[in-house]
Amino acid sequence: MSKRKAPSSDNPNHDFCEFLIEIGEYERNVNRNIHKYNAYRKAASSLAAHPTRITSGKEAKKLEGVGQKIAEKIDEFINTGKLRKIDKIREDDTSNVISLLTRVSGIGPAKAQEFFHSGINSIEELEKNKSKLSHHQLIGLKYFKDFEEKIPRSEIEEIEKLVRGYVSSLDNSYLITICGSYRRGKAESGDIDVLITHPSFTSSTTDKDVSTRHLKKIVALLEKNKLITDTISLGGVKFMGVCRIKDIARRLDIRITPHDQYHCATLYFTGSDIFNKEMRAHALQNGFTLNEYCLRRMGSTGVPGEPLPVSSEEDIFDYINYPYKTPTERNL
DNA sequence: TTTTCGT
DNA sequence: GACGAAAAA
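If you read the first sequence in the UniProt record's numbering, its first letter stands for residue 1, the second for the next number, and so on.
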């Protein structure tokens with residue numbers, strides 16, 4: 001998630017989309033109105049999909065999801081080059097505080113609103129009210145600055161070596177893949193997403209404690225070796241926490257997946273989101289359904305069949321007749 | 001059991 | 001967009 005997406009290159013209505021999305025975020029985060037948020041998103045995506053430049057509100061109104069109000073905003077923007085509503089949002093206190101608080105991991109729109117209404121309107125105020133924060137939010141605050149830093153590829157490579165060393169010292173039949181933008185070859189990443197599997201854990205393993213034991217043992221070992229410094233959450237299949245090898249703390253996720261679902265999982269968690277979407281759409285067209293767990297053939301009734309055997313990511317591409325893409329070719 | 005947050 | 005984990009209710 002490190003690189004910016006196509007700027008305005010192939011979207012002649014880029015600027016309209018931008019302000020609609022900004023208003024949408026405002027409606028969701030500040031007014032807690034998910035319906036307006038969805039409405040603005042829908043309008044923005046209609047505009048984005050439109051191949052030519054819209055030149056009036058009236059023309060925009062023909063598009064799905066664009067009604068009277070949004071048409072008026074488009075006219076105002078065309079005529080004056082700006083929007084009073086946007087200016088208003090940008091200088092609005094509530095809005096700015098909520099955007100700030102929301103940057104703390106563990107604080108979403110609901111909590112940010114609650115804090116704001118109880119007079120907490122800055123990071124300093126959060127520091128003074130630690131008793132009001134959840135465990136997750138305390139970690140988000142503690143590493144507020146660190147978590148906004150990108151992670152250089154070289155650092156993830158070092159962490160990967162360490163994780164591989166520790167985990168294989170436990171049992172050399174663990175399989176480990178670091179997914180996300182790192183696997184797609186990016187020079188820097190936002191966090192570290194480790195996927196692990198073990199032959200003793202499959203989708204037919206009924207004992208839930210099997211995966212839990214694997215995961216807890218791994219996490220305990222990494223903690224003992226001072227790689228993991230904090231735990232945000234730890235369940236039977238997913239760890240979310242913090243690791244550190246240099247002066248900056250990094251977000252680390254570890255998930256354990258059933259052995260027979262490993263390749264679908266690595267594919268899914270490697271992304272990119274847009275690539276996944278395209279690939280799933282292609283799967284559907286060829287009569288398959290693909291998710292993070294498995295690939296299934298669609299019956300004529302529309303009911304998915306049994307998961308198909310998959311022994312590599314290539315297998316998945318082959319099944320759905322999609323030309324194979326290496327991880328570094330999945331950046332769109 | 002439902003809501004919130006993150007992925 | 002679904003889902004796991006934590007917290008609230």
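All C-beta atoms in this analysis are idealised placements derived from N, C-alpha and C, irrespective of residue type, glycine included. If you're wondering where the values come from, they're calculated on a predicted model, not measured in any experiment.
Beta-carbon within less than 6 Å of Asn121's beta-carbon, same chain only, minus the 5 sequence neighbours each way: which residues are those? Here residue 121 refers to the residue found at position 121 of the first sequence. Excluding positions up to five away in sequence, the list reads Val97.
Is the distance from the Cβ of Leu141 to the Cβ of Glu127 below 8 Å? Position 141 of the first sequence, counted from the start, is the residue given in the question as residue 141. Position 127 of the first sequence, counted from the start, is the residue given in the question as residue 127. Their beta carbons are under 8 Å apart, which means Leu141 touches Glu127 by this criterion.
Environment of Glu149 [buried if 16+ CB atoms lie within 10 Å]: Residue 149 sits at position 149 when you count from the first residue of the first sequence. Classification for Glu149: exposed.
What residue ranges within the region 158-238 form continuous beta strand (DSSP E) runs of no fewer than 3 residues, ordered along the chain? 175-178, 192-197 and 228-234
Return the first residue and the last residue of the beta strand (DSSP E) that Pro304 is part of. Stepping through the first sequence from its first residue, residue 304 is reached at position 304. Pro304 to Pro307 is the extent of the beta strand (DSSP E) around Pro304.
Sufficient close CB pairs (3 or more, under 8 Å) joining the region 282-292 to the region 263-274: yes
With contact counted as at least three CB pairs below 8 Å, one residue from each stretch, are the region 102-115 and the region 199-211 in contact? no
Take every Cβ of the region 178-189, pair it with every Cβ of the region 151-159, and state whether three or more of those distances are shorter than 8 Å. yes
Assuming the contact rule is C-beta atoms closer than 8 Å, Leu20 and Ala49 should be a hit. Round their C-beta distance to whole Å, please. Sequence index remark: in the first sequence, residue 20 carries index 20 (1-based). Sequence index remark: in the first sequence, residue 49 carries index 49 (1-based). With a Cβ gap of about 13 Å, Leu20 and Ala49 do not count as contacting.
What are the boundary residues of the beta strand (DSSP E) that Phe288 is part of? Translated into positions along the first sequence, residue 288 becomes position 288. Per DSSP, Phe288 belongs to the beta strand (DSSP E) from Phe288 to Leu290.
Continuous alpha helix (DSSP H) stretch holding Asp93: start and end: Position 93 of the first sequence holds residue 93. Counting along the chain, the alpha helix (DSSP H) containing Asp93 begins and ends at Asp93 to Leu101.
Exposure label - Glu314; buried when at least 16 CB within 10 Å: Counted from its first residue, the first sequence places residue 314 at position 314. Counting Cβ neighbours within 10 Å, Glu314 comes out exposed, since fewer than 16 surround it.
Do Arg255 and Val242 come within 8 Å of each other at the CB atom, strictly closer than that value? As a working note, residue 242 is residue 242 in the first sequence. As a working note, residue 255 is residue 255 in the first sequence. No, the Cβ-Cβ distance between Val242 and Arg255 is not below 8 Å.
Given a cut-off of 8 Å on the beta-carbon distance, is the pair Phe116 and Ile54 in contact? Indexing the first sequence from 1 puts residue 116 at position 116. Indexing the first sequence from 1 puts residue 54 at position 54. Cβ atoms of Phe116 and Ile54: not closer than 8 Å.
Span separating the alpha-carbon of Thr197 from that of Asp247: As a first step, residue 197 must be located in the first sequence, where it is residue number 197. As a first step, residue 247 must be located in the first sequence, where it is residue number 247. Their Cα atoms are separated by approximately 30 Å.
I need the DSSP call for Phe19, collapsed to helix, strand or coil. In the first sequence, residue 19 corresponds to position 19, counting from 1. Reduced to three states, the DSSP call for Phe19 is helix.
Using a Cβ-Cβ cut-off of 7 Å (strictly less than) and excluding sequence neighbours within five positions of Asn321, which residues of its own chain qualify? Residue numbering aside, residue 321 sits at position 321 when the first sequence is read from its first letter. Closer than 7 Å at Cβ, skipping near neighbours: Asn286.
Quick one: grab the DSSP three-state call for Gly140. Within the first sequence, numbered from 1, the residue matching residue 140 stands at position 140. Here Gly140 sits in helix by DSSP.
Am I right that Met229 and Ala249 are in contact with their C-beta atoms under 8 Å? What's the rounded C-beta distance? Reading the first sequence from its first residue, position 229 is the one you call residue 229. Reading the first sequence from its first residue, position 249 is the one you call residue 249. The amino acid occupying residue 229 in the given sequence is Thr; Met does not appear at that position. Confirmed, Cβ separation roughly 6 Å.
Run the CB neighbour count on Arg324, radius 10 Å, all protein chains shown included, and call it buried at 16 or more, exposed below. The sequence position of residue 324 within the first sequence is 324, counting from 1. Reading off the sequence, residue 324 comes out as Tyr, not Arg. With fewer than 16 Cβ atoms within 10 Å of its Cβ, Tyr324 is classed as exposed.
With respect to the beta strand (DSSP E) encompassing Ala253, which residues constitute its N-terminal and C-terminal limits? Along the first sequence, read from residue 1 onward, the residue named residue 253 stands at position 253. Ala is not the amino acid found at residue 253; the sequence shown has Asp there. Arg250 to Ile256 is the span of the beta strand (DSSP E), which, as asked, contains Asp253.
For Leu126, which of helix, strand or coil comes out of DSSP? Position 126 of the first sequence holds residue 126. In this structure, Leu126 counts as helix in the three-state DSSP scheme.
Hey, how far is the Cα of Ala6 from the Cα of Asp207? Working through the first sequence from its first residue, we reach residue 6 at position 6. Working through the first sequence from its first residue, we reach residue 207 at position 207. Low confidence applies here, because Ala6 scores a pLDDT of 43, under 50, leaving its location unreliable; read the following figure in that light. The straight-line gap from Cα to Cα measures roughly 46 Å.
Whether Tyr26 touches Ser95 by CB criterion (8 Å): Mapped onto the first sequence, residue 26 falls at position 26. Mapped onto the first sequence, residue 95 falls at position 95. Yes, the Cβ-Cβ distance between Tyr26 and Ser95 is below 8 Å.
Taking Cβ to Cβ, would you say Arg280 is nearer than 8 Å to Ile192? What you label residue 280 is simply residue 280 of the first sequence in a count that begins at 1. What you label residue 192 is simply residue 192 of the first sequence in a count that begins at 1. No; because the gap between Cβ atoms is not below 8 Å, this pair is not in contact.
Can you pull the DSSP bridge partners for Gly241? As a first step, residue 241 is located in the first sequence; it is residue number 241 there, counting from the start. DSSP lists Thr231 and Leu252 as partners of Gly241.
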